[in-house]
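Residue numbers (the numbering used here): 372 to 457. For every residue, glycine included, the Cβ atom is placed at its ideal position computed from N, Cα and C.
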């Protein structure tokens, strides 16, 4: 991004939510007030061929967290994975 004074500025990569205000979202909604975005990157994935919904229960929260971690590292690229404590 180039700011109003001509300086270049790189934003840092943050998770989509829960990490406080998003610099990227503020810039996209500023209509050029904060600066002009000069480059961006996208990660595209093909539309899934199959759609499955599963529900799994674990005895402890830590087991559920570990299962989510393993799923995220499996290379399967799930569209959604929720861990809910009831």
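When the Cα atoms are used, what is the spatial distance from residue 446 to residue 431?
-> When rounded, the distance between both Cα atoms is 25 Å.
Which stretch, first to last residue, makes up the alpha helix (DSSP H) that contains residue 435?
-> 432-443
Excluding five sequence neighbours on each side, which residues of the same chain lie with their C-beta closer than 7 Å to the C-beta of residue 375?
-> 406
Please classify residue 446: does DSSP put it in a helix, a strand, or coil?
-> coil
Per-residue DSSP class, three states only, for residue 373 | strand
Does the distance from the C-beta atom of residue 429 to that of residue 438 stay below 8 Å?
-> yes
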